[in-house]
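Residues 2 to 51 in the numbering used here are what the sequence shown spells out, letter by letter.
Here's the structure, in structure tokens; my notes come after.
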Amino acid sequence: ESGDIEALYRAMGIHADNIVAAVARLVVDGVRGRDIAGAAVREEPARLGR
Numbered sequence: 002e003s004g005d006i007e008a009l010y011r012a013m014g015i016h017a018d019n020i021v022a023a024v025a026r027l028v029v030d031g032v033r034g035r036d037i038a039g040a041a042v043r044e045e046p047a048r049l050g051r
């Protein structure tokens, strides 16, 4: 099964040594995106004067 996944990544132009970096980037971007969304949700009521 992991061979299929590797083949898929290769087809997308991602090589095995880049998969870890790509996954790490996705995780970091996901965390950053959640932080930004959370900050926006927290700031919005204050901006509306509530």
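Just so it is clear, CB atoms sit at the ideal spot from N, CA and C, and this is done for glycine as well.
So which of V29, G31, E7 has the shortest CA-CA distance to I20? Your numbering for residue 20 matches position 19 in the sequence shown. Cα-wise, what sits closest to I20 is E7.
Can you tell me which of the three DSSP states G34 falls into? For this step, residue 34 is matched to residue 33 along the sequence shown. The answer is helix: DSSP assigns G34 an H, G or I state.
Leaving aside the five residues before and after D5 along the sequence, list all residues of the same chain whose C-beta is less than 8 Å from its C-beta, in chain order. Taking the sequence shown and counting its residues from 1, the one referred to as residue 5 is at position 4. Excluding its 5 nearest sequence neighbours in each direction, D5 has no C-beta neighbour in its own chain below 8 Å.
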